[in-house]
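Data first, discussion second: the structure below is written as structure tokens.
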Amino acid sequence: MAPSFVARLGIEHPLIQAPMSGSTTPALVAAVSNAGALGSLGAGYLEPQAILDQADEVRTLSDKPFGLNLFVLPESFEVDMAAVDAARRALDALMEREGLAVRTAIPARWAPSFHDQFAALCEARPAVASFAFDLITSAQVRQLKQLGIVVVGTATTVAEARAWEALGADAVSLQSAEAGGHRGTFLHDAEDGMIGLFALLPLAARAVKIPLIAAGGIMDGRGMLAAEVLGAAASQLGTAFLACPECGAAAGWKRDLPQSAEQDVTTIRSFSGRAARGLRNTYVKAMADISASLPAYPVTNALTSPLRKAAVAAGRPDLTNEWCGQGAGLSRTMPAGELVAVLMDEYAQARRAFAFD
């Protein structure tokens, strides 16, 4: 463990709940933070006022530190409308075949303004601000540090970890191939950033001096200890918290996780136009042949939004994005605070078993 980093975050345990945009709720974030770990709010899809509202809600439920995560995106996007029209036809046909009444539409914006989201984050002043999909600017790093906010960047390769260190980040979250959800790769093709945690951690530990956060496939306290041995200052777990009652994941998604086999977890582009890891379900199979031709993120993400919402309402998790990491089959259904306690008990037992204490 790196006690100084954990102490700097103001938490008791070297454990961070991953900021899963669309699934984390203020209740989940607060429960994790109240249990001595770092709860994290995934705000990549939220408009600025919603970021402020949810941060306020976390603070009504907890006086402990928490994190907030954003997707780093440009303010405007070059959109191939012919590709958009083709994607809409395919999506509308799929919804009709599956008996869903909604259809696609062109949104007012393809994604929230990152500039405005960043301003809301600064106003919310979480203990930790983390970022994925790209680097922020050096001026933004300085602004966050002036506010006393710890800056964490997401990296999938050593080169990306070095880029965040050079920018002045306080720590790097290493997203390994085993991790669920959207890939944070920004210097390489997504396929080239699919590096296993047991290789990525020691490689990055040799290359950078700032603390490393291990993310990907960690589902219990033993995994946390293994990550620490390989150089991690803390472990970030996302899939492990998806089945918690406080999590906003759909009920069917939560039911599917513990029943999934490791080969069911795959890399998916057809929900959002960006590589992400989740379950190979009915939707993924239906869209496999045209996945490569769909518009890039966030365009496809906006187009599939009505389908995903309708699928959840209809109780059809097989038609929505069931993001998860490689260890989904190890999921446990229990309140978030209880899960933190179990994880830390497993971690302590593993340390004793291997004579670390």
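Oh and the sequence shown: position 282 is 271 in this note's numbering, straight run, nothing missing. Glycine is no exception: its CB is placed at the ideal position from the N, C-alpha and C atoms. Here the structure is a predicted model, which is why all the values come from computation and not from measurement.
Going residue by residue through the stretch 248 to 331, where are the continuous beta strand (DSSP E) segments of at least 3 residues, counting only ones entirely within it? For the stretch 248 to 331, the continuous beta strand (DSSP E) assignments of 3+ residues that do not extend past its boundaries occur at 254 to 257 and 265 to 268, in sequence order.
In whole angstroms, what is the alpha-carbon distance linking Met(-10) and Arg341? Within the sequence shown, numbered from 1, the residue matching residue -10 stands at position 1. Within the sequence shown, numbered from 1, the residue matching residue 341 stands at position 352. Residue confidence is low: Met(-10) scores 42 on pLDDT, short of 50, so the model does not pin down where it sits. Its coordinate-derived value is still stated next. Approximately 14 angstroms, taken between the alpha carbons.
Ala222 lies in the alpha helix (DSSP H); which residues open and close that run? Taking the first residue of the sequence shown as position 1, residue 222 is located at position 233. Where Ala222 is concerned, there is no enclosing alpha helix (DSSP H), because DSSP gives it neither an H nor an E.
In the DSSP assignment, what residue or residues form a beta bridge with Leu57? The residue you call residue 57 lines up with position 68 of the sequence shown. Its beta-bridge partners are Leu30 and Ala118.
Please name the residue in Asp178, Leu30, Gly169 and Asp123 whose C-alpha comes closest to that of Val161. The count along the sequence shown starts at 1 and reaches residue 161 at position 172. Taking only the C-alpha atoms, the option nearest Val161 is Asp123.
From Ile202 to Ala222, what does the alpha carbon distance come to, in whole angstroms? Translated into positions along the sequence shown, residue 202 becomes position 213. Translated into positions along the sequence shown, residue 222 becomes position 233. Those two C-alpha atoms are separated by around 6 angstroms.
Please check the pair Ala116 and Pro37, which I expect to be a contact at CB under 8 angstroms, by giving their CB distance rounded to whole angstroms. Here residue 116 refers to the residue found at position 127 of the sequence shown. Here residue 37 refers to the residue found at position 48 of the sequence shown. No, Ala116 and Pro37 are not in contact; Cβ-Cβ is about 19 angstroms, not under 8 angstroms.
Compare the C-alpha of Pro287 against each of Ile0, Phe103 and Ala109 and name the closest. In the sequence shown, residue 287 corresponds to position 298, counting from 1. Per the Cα distances, Phe103.
Proximity winner among Arg258, Leu30, Arg(-3) and Phe187, relative to Asp178 (alpha-carbon distances): Position 189 of the sequence shown holds residue 178. Residue Arg258 is the option with its Cα nearest to Asp178.
Just verifying my parser: in three-state terms, what is the DSSP assignment at Leu214? Against the sequence shown, residue 214 aligns to sequence position 225. Of the three classes helix, strand and coil, the one that applies to Leu214 here is helix, per DSSP.
Own chain partners of Thr293 with C-beta closer than 6 angstroms, once the 5 adjacent residues on each side are dropped: Position 304 of the sequence shown, counted from the first residue, corresponds to residue 293. These residues qualify, in order along the chain: Phe260.
Just verifying my parser: in three-state terms, what is the DSSP assignment at Gly170? Here residue 170 refers to the residue found at position 181 of the sequence shown. If DSSP states are grouped into helix, strand and coil, Gly170 belongs with the strands.
Nearest CA to the CA of Leu190: which residue from Gly205, Leu176, Glu180 and Asp181? For this step, residue 190 is matched to residue 201 along the sequence shown. Distance from the Cα of Leu190 is smallest, within the candidate group Gly205, Leu176, Glu180 and Asp181, for Gly205.
Between Glu67, Gly137 and Ala118, which has its C-alpha nearest Ala44's C-alpha? The residue given as residue 44 occupies position 55 in the sequence shown. Ranking the options by Cα distance to Ala44, first place goes to Ala118.
For Ala238, which residues from the same chain have a beta carbon less than 6 angstroms from its beta carbon, with the 5 sequence-adjacent residues on both sides left out? Residue numbering aside, residue 238 sits at position 249 when the sequence shown is read from its first letter. So the qualifying residues of the chain are Ser12 and Leu231.
Could you tell me which of Arg297, Thr271 and Ala94 sits nearest to Val73, measuring between CA atoms? Taking the sequence shown and counting its residues from 1, the one referred to as residue 73 is at position 84. Residue Ala94 is the option with its Cα nearest to Val73.
Residues that Ser162 bridges to, as DSSP identifies them: The residue you call residue 162 lines up with position 173 of the sequence shown. For Ser162, which the question treats as bridged, DSSP gives the partners Thr143 and Ile202.
Does the beta-carbon of Lys274 have 16 or more other beta-carbons within 10 angstroms, so that it is buried, or is it exposed? The residue labelled residue 274 in the question sits at position 285 within the sequence shown. Its Cβ having fewer than 16 others within 10 Å, Lys274 is exposed.
Please confirm whether any heavy atom of the ligand MN lies closer than 7 angstroms to the CB of Pro15. Within the structure as shown, the ligand MN is missing, as the structure has no ligands at all.
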